[in-house]
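Student: Starting off with a structure, shown below.
Protein chains: 4
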Amino acid sequence: MSNKIPVAVLASTGSVGQRMISLLDGHPWFEVVEVTASERSEGKTYQEACHWFLSKPMPDYVKNMKLLPTQASALQKAKIVFSALPADIAKEIEPDFAKAGMFLSSNASAYRKDPLVPLLVPEINPDHLDLVELQHKNYGWTGGIITNPNCTTTGFVIPLHAIDQKYHVKQLFAFSMQALSGAGIPGVPSLDIIDNVIPYIGGEEEKLEFEPIKIMGTMQPDSVKYHPMQISAHTNRVAVVDAHTICCTIATEEKPSVEELIDTIENYQVPDVTKTLPSCPKQAIIYHEEPNRPQPRLDRDLENGMATSIGRIRKDTILDYRFVSVSHNTIRGAAGGSILNGELIARRFFGM
Amino acid sequence: MSNKIPVAVLASTGSVGQRMISLLDGHPWFEVVEVTASERSEGKTYQEACHWFLSKPMPDYVKNMKLLPTQASALQKAKIVFSALPADIAKEIEPDFAKAGMFLSSNASAYRKDPLVPLLVPEINPDHLDLVELQHKNYGWTGGIITNPNCTTTGFVIPLHAIDQKYHVKQLFAFSMQALSGAGIPGVPSLDIIDNVIPYIGGEEEKLEFEPIKIMGTMQPDSVKYHPMQISAHTNRVAVVDAHTICCTIATEEKPSVEELIDTIENYQVPDVTKTLPSCPKQAIIYHEEPNRPQPRLDRDLENGMATSIGRIRKDTILDYRFVSVSHNTIRGAAGGSILNGELIARRFFGM
Amino acid sequence: MSNKIPVAVLASTGSVGQRMISLLDGHPWFEVVEVTASERSEGKTYQEACHWFLSKPMPDYVKNMKLLPTQASALQKAKIVFSALPADIAKEIEPDFAKAGMFLSSNASAYRKDPLVPLLVPEINPDHLDLVELQHKNYGWTGGIITNPNCTTTGFVIPLHAIDQKYHVKQLFAFSMQALSGAGIPGVPSLDIIDNVIPYIGGEEEKLEFEPIKIMGTMQPDSVKYHPMQISAHTNRVAVVDAHTICCTIATEEKPSVEELIDTIENYQVPDVTKTLPSCPKQAIIYHEEPNRPQPRLDRDLENGMATSIGRIRKDTILDYRFVSVSHNTIRGAAGGSILNGELIARRFFGM
Amino acid sequence: MSNKIPVAVLASTGSVGQRMISLLDGHPWFEVVEVTASERSEGKTYQEACHWFLSKPMPDYVKNMKLLPTQASALQKAKIVFSALPADIAKEIEPDFAKAGMFLSSNASAYRKDPLVPLLVPEINPDHLDLVELQHKNYGWTGGIITNPNCTTTGFVIPLHAIDQKYHVKQLFAFSMQALSGAGIPGVPSLDIIDNVIPYIGGEEEKLEFEPIKIMGTMQPDSVKYHPMQISAHTNRVAVVDAHTICCTIATEEKPSVEELIDTIENYQVPDVTKTLPSCPKQAIIYHEEPNRPQPRLDRDLENGMATSIGRIRKDTILDYRFVSVSHNTIRGAAGGSILNGELIARRFFGM
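Chains as they are written, first to last, in numbering that gives the first Met the number 0: chain C, 0 to 351; chain L, 0 to 351; chain E, 0 to 351; chain G, 0 to 351.
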């Protein structure tokens, strides 16, 4: 019998859910014991209900698992639960899991703004997990809700933090070119994007302008104090399958040389508690020297899709510096990020 | 016999040259009497030498014209010359045409920075054509060189000027997503761009950071006084055939409401001398109210590819306003822009 | 007051409906007096209800027309009705219009197999319109139903007929690479087709294997006698916006040289009754000599999207000849085909 | 010291060469000891000279290897040589390597038609390696030249052979939709293929019509007796990065049911000598039951890119059966195929 931690995946047949199922195949700490889907699929096996769309084949372990309804009461065994729910359903039901004693690592946006819910990026703010104690105290939960940020925020926030730690970022102009997989399934109609760009993604700019200031905020006894930086964003959809590209222009308090900045980024060390988590990339930030990198197709799979690639660090003509960041939106920015968060939960609350 | 002005096209078989040939078909003022190409094609007919790639078929008038060498001495009849030359060759030979009395409307970047060469956008600065008189006086030319800006600059500079005229732009952050046709033929390899973005275009950001301040500068007796605005640019290549999309964030002196700004743009009137030129769009700037517009594939052909589309005008979180601009890079931003400049030349120097 | 024939468009806000509305703008014979849509849109103006997606802007004439319900009883004025209905609804309600005295030119597949309904391609079989008399006699209708073929059939059937007329086609292997617009709106998800091919289109191969034998059949007093040729098809979806490409391999009774075959195709004359219809292409079939043509993006707009492009006619190694055909699927293969059929109806039944 | 077989890669910095370098990283039998490139790169390290374009990073082992000139005399250590040379250079120099005692596994087309050179697919015809003995006898070589077929032939020839072995294929109509990586670097310009199809690939149809009859031929004492089947091909380029899709229609001697045919394919066993080669896929042919599979993006990476995917096996309306085949063109169809051939050479001539 396995002594792995039993875990569940909510909305396991969707776009992010499939990635979770795939990444959890052979996971050293976790064993998937329960999977849920919408009512329509309930009672079917995973294999029967799921229109699998990843190029890596569906793992054997999940094929014959029965799909459960997506309710806290339907889960009997899982201690950590990965949620790939849409925001509106997440809003309604995620607290039920926390009340019932489960630790929910959620990719949904529903509770990202809740002051007691950590917006967790283990490479940046593992201490924000302290908020879970406050959830116990203030909300009366025995489990907890932990969220990972939006895939586009994730795409640049680690190098941004690496810079901020040393030189204090004051302003950020972020401009994204986002992949189609970020819109889920069926997502963007092909007629809308072939030979085209869509310069608008509903609600996305607001997320980018808020999430980094919480993630990069300071843990205080009763809350996270938000980072004082200002953010302005333009978000766009382009004809790329996976990985978001973000152009960033920043103002900083201190003004190091470009070489010092590159050096800071290349030598960024993730917190010790995070370093040895199974899904933590060996190198969290990869700096590319070629003038035309990073690129989504060429760099998205580095470190199994968990690295952030960065390049073109150069002086700006108005503010201080400019750079380009690329990150895999459905791995690092969604399923992989949730699992990494689950690992940090496992370390803190399950002694791994 | 035609009483149209005889014109020539230099580098007529290339990407921009073909667009010129196509747009000059049936032109009310101009008759193409001479076409040139590189040595390799000399002596062949246009039809024999040209790998035509536009979806509109090759016009009949050009099919059997003999290709001449690209030298001023080879032209016997043309009074206005459209140049689709690459920058390095343009640098070397364009002055020869001006010396020989021809008026050169050039799409090449070679002389855009020359203080006596107009960087002309007839919707903005027709008075910069005064510089040609200074060319006569100072360079001893009897013709002249007139340039149009880079296709990406052209993509946002008309709405930027419409705003500036009334509210004075102080800062601009521009982020581009540029079409493949901007890189010419053969241009970007398909393996580099399918399912990908290239976040770098050599020399492009520098052009965007300079050209608007000259175009929007003030004509003074002996020179153009550059506009004092600051510009910062990120330029990117995306999988779009034609039309550049540019996200702009600006700071202005005055702070109108978004409605006033939209109103200013929608009611922008081009200068009187330009309004009746044959290629001048009826509506120079088209404002789109839908939140996800403009888009390159849907909006590039408005006003025969000569309009600038704009949308998403909204407040910024750091500076003052944000918007998205789309413009056809090989029509408005290259061949069509050159021809419109040629028409302004024809009006001023040939009494049309 | 206009003396044009009053016409209506059913399902006018969908993908094919929009093309019809656009092509009928300024039509010399027809005036759109009524437009219908699904119940959801009833009572709204066209402009309010329609998510317009063509790059050519929505025509002014239609913007403020009120959308009617899609029922024969709702139409008061139209004499000819263009139907862009989906097959299942067409099946149910199209006969109502014919009973009520209207002539329906339908793009739907519902009645294409009805032995008394012409599957009409005016360049091939205008005499099949005789079937309408049989509809009057046998079905008791005072109007009629006329259909145009599937967009992929349309893509090769005109050159096939040109060859057959002279050399008698016995067998056809057809392989298609079909555009995304053929799947309507929203149609194919972008994640399914970027960097991909889908080698299956439900029901499509069956249509290709039947429709040509009816279109190319012989009109007899009481029915159309089907053509005896055999057809085998593979159909595929590729990342092209508009225009289907079809590779054909054929066996013929007579064995002309390739030159004779090309000659036959280039000199194909459409029937006299068709030649002067307003939407009839001047040249129905355009032969391309370049070895790598026709291509969908370069050739789809020839003759305003109404021509069939053909190329690479060469000997086959097993049967007799091979060639490639390209045709605009939503113009020639759908909306434009319906309108051309409407024009033939107008000539025959309304004396135009 | 390693007791692996020392190998070299010719033209190691090109598109196929890079794939070879990548696939040979950590190979259990082979150690890359020498790499060559064109004169321009001679003397540089691999890292300096190579514009690496694979998403899997450049292996460490090759980074600091010095590039040698591409001549037999420049190699001192390699016993097996993998050739990614272009056909014209291969024609000229590949025999030098065989004369000098090296065994050349070549991806080039130059010697595929030589009657004494095996066109080797280890899953089909490992016995054709007998031809190398004839090379020794007749050409006086002490090494040998072994070729793998064109990537498109490879894409369908294994299932074709599986069928043929039991039911004897008489005719084949093959229609391909080929990936961009098949055209190498820089290859197809993006402007030629976005929103487009190119229905022509120079020389490709001839290869498809010849290669299977040699591969599936019978080894006789002095030569390979070609297979008597007839083949007709249409080849097309589509906007896919990797993997060719081929639609096949076949006539067979015997007429099994579709179920029997699927059964035959699913149970196809590769020859024993091949089964245990390190690069041999566990399952050579993977049958997909979903009606819309195989698809290039979803199925190209199965079995590390070495499997052939097949689906849609169904009756034909003219001949006997139809199906769709997908295979990774630069892995199975090029670099991976060459390496698998190298492994068969190693087994036969080096006792592995």
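In this text, a Cβ means the ideal position worked out from N, Cα and C, and glycines have one as well.
(1) Straight-line CA distance for Phe172/G to Gly154/C?
(2) Answer yes or no: does any C-beta atom of chain L fall closer than 9 Å to that of Arg236/E?
(3) Take the Cβ of Ala345/E as the centre, count every other Cβ of all protein chains shown within 10 Å, and call the residue buried at 16 or more, exposed below.
(4) Check distances from the C-beta atoms of the region 296-316 of chain C to those of chain G and list, in chain order, the residues that come in under 8 Å.
(5) Name the residue from Asp241/G, Gly336/G, Met101/G and Tyr267/G whose alpha carbon lies nearest to the alpha carbon of His160/G.
(6) What span of residues does the beta strand (DSSP E) with Val34/C cover, start to end?
(7) Residues in the region 239-254 of chain G with C-beta within 7 Å of chain E's C-beta atoms, listed in sequence order?
(8) Taking Cβ-Cβ distances shorter than 9 Å, what residues in chain E pair up with Gly186/C?
(9) Using a 10 Å radius around the Cβ and a threshold of 16 neighbouring Cβ atoms, would you call Ser321/E buried or exposed?
(10) Can you tell which of Ser189/C, Glu289/C and Glu265/C has the C-alpha that lies nearest to the C-alpha of Phe52/E?
(11) Just the chain E side, please: which residues come within less than 9 Å of Glu210/G by C-beta, in chain order?
(12) Confirm, please, whether the CB-CB distance from Glu41/E to Leu67/E is below 9 Å.
(13) Verify whether the separation of the beta carbon atoms of Ile79/C and Ile162/C is less than 9 Å.
(14) Considering only C-alpha positions, which residue in the set Gly202/L, Arg39/L and Lys3/L is nearest to Cys23/L?
(15) Would you grab the beta carbon distance between Ala283/C and Val269/C for me? Rounded to a whole angstrom, and I think it's under 8 Å.
(16) Leaving out the 5 sequence neighbours to the left and right, which residues in its chain are closer than 8 Å to Ile261/E when beta-carbon positions are compared?
(17) Under a Cβ-count criterion, where at least 16 other Cβ atoms within 10 Å of its own Cβ denotes burial, should Asp298/L be classed as buried or exposed?
(18) For Lys136/L, count neighbouring C-beta atoms within 10 Å of its own C-beta (all shown protein chains included) and say buried if the count is 16 or more, exposed if not.
(19) Ser21/C to Val34/C, Cα distance in whole Å?
(20) For a test of your reading of the model: does the CB of Arg236/C fall under 8 Å from any non-hydrogen atom of the ligand ZN? Yes or no.
(21) According to DSSP, is Met19/G helix, strand or coil?
(22) Is the CB of Met0/L under 9 Å away from at least one CB in chain G?
(23) Using a cut-off of 9 Å between C-beta atoms, extract the partners of Ser54/C located in chain G.
(24) Alpha carbons only, please: which of Ile230/E, Pro94/E and Gln70/E is nearest the one belonging to Gln170/E?
(25) Can you name, in chain order, every residue of its own chain whose Cβ lies under 8 Å from the Cβ of Glu132/G, other than the five neighbours on each side?
(26) On the DSSP bridge list, what partners appear for Lys65/E?
(27) Please confirm whether Asp194/E has its beta-carbon closer than 9 Å to some beta-carbon of chain C.
(28) At the level of alpha carbons, what is the spacing between Met0/G and Gly25/G?
(29) Using a Cβ cut-off of 9 Å (strictly closer), state whether Arg292/G contacts chain E.
(30) DSSP has Ile361/L in a bridge; who is on the other side?
(31) Less than 9 Å between CB atoms is the rule here; does Ser180/E satisfy it with respect to chain C?
(32) Sort out for me which residues DSSP pairs Pro5/C with in a bridge.
(33) In terms of residue numbering, what span does the alpha helix (DSSP H) encompassing Tyr320/L cover?
(34) Which residues in the same chain as Pro27/L place their Cβ atom closer than 6 Å to its Cβ, once the five residues preceding and following it in sequence are excluded?
(35) Give me the residue from Ala109/E, Ser104/E and Lys76/E with the minimum Cα distance to Glu91/E.
(36) Please classify Thr152/C as buried or exposed, where buried requires at least 16 other C-beta atoms within 10 Å of its C-beta.
Tutor: Reading from the atomic positions:
(1) One C-alpha to the other measures close to 48 Å.
(2) Chain L contact via Cβ: absent.
(3) When all chains shown are included, Ala345/E counts as buried.
(4) Arg296, Leu297, Asp298, Arg299, Asp300 and Leu301
(5) Tyr267/G
(6) Phe29 to Ala36
(7) Val239, Val240, Thr244, Cys246 and Thr248
(8) Pro188, Ser189 and Leu190
(9) Here residue 321/E turns out to be Arg, not Ser, going by the sequence shown. It is buried - the Cβ of Arg321/E has at least 16 other Cβ atoms within 10 Å.
(10) If we check each option's Cα against that of Phe52/E, Ser189/C comes out closest.
(11) Within chain E, no residue comes near Glu210/G; the closest Cβ sits about 14 Å away, beyond 9 Å.
(12) yes
(13) Going by C-beta atoms, Ile79/C is not nearer than 9 Å to Ile162/C.
(14) In the sequence as presented, Cys is not what sits at residue 23/L; that position holds Leu. Ranking the options by Cα distance to Leu23/L, first place goes to Lys3/L.
(15) 5 Å
(16) Tyr286 and Ile312
(17) buried
(18) exposed
(19) The alpha-carbon atoms of Ser21/C and Val34/C are separated by roughly 13 Å.
(20) With respect to the ligand ZN, the structure shown offers nothing to examine, as it has no ligands at all.
(21) helix
(22) Low confidence applies to Met0/L: its pLDDT is 48, below 50, so where it sits in the model is not reliable enough to give any reading.
(23) Arg296, Leu297, Asp298, Arg299, Asp300 and Leu301
(24) Ile230/E
(25) none
(26) Thr44/E
(27) The beta carbon of Asp194/E sits closer than 9 Å to some beta carbon of chain C.
(28) Unreliable positioning characterises Met0/G in this predicted model, as indicated by a pLDDT of 48, which lies under 50. The coordinate reading is nonetheless provided below. Roughly 15 Å separates the two Cα atoms.
(29) Yes, Arg292/G counts as interfacial toward chain E.
(30) Since the first residue of chain L shown is 0 and the last is 351, residue 361/L is not available in this structure.
(31) yes
(32) Glu30/C
(33) Looking at the DSSP string, Tyr320/L is not in any alpha helix (DSSP H); the run it does join, the beta strand (DSSP E), is Tyr320 to Ser326.
(34) Answer for Pro27/L: Pro277, listed in chain order.
(35) Ala109/E
(36) buried
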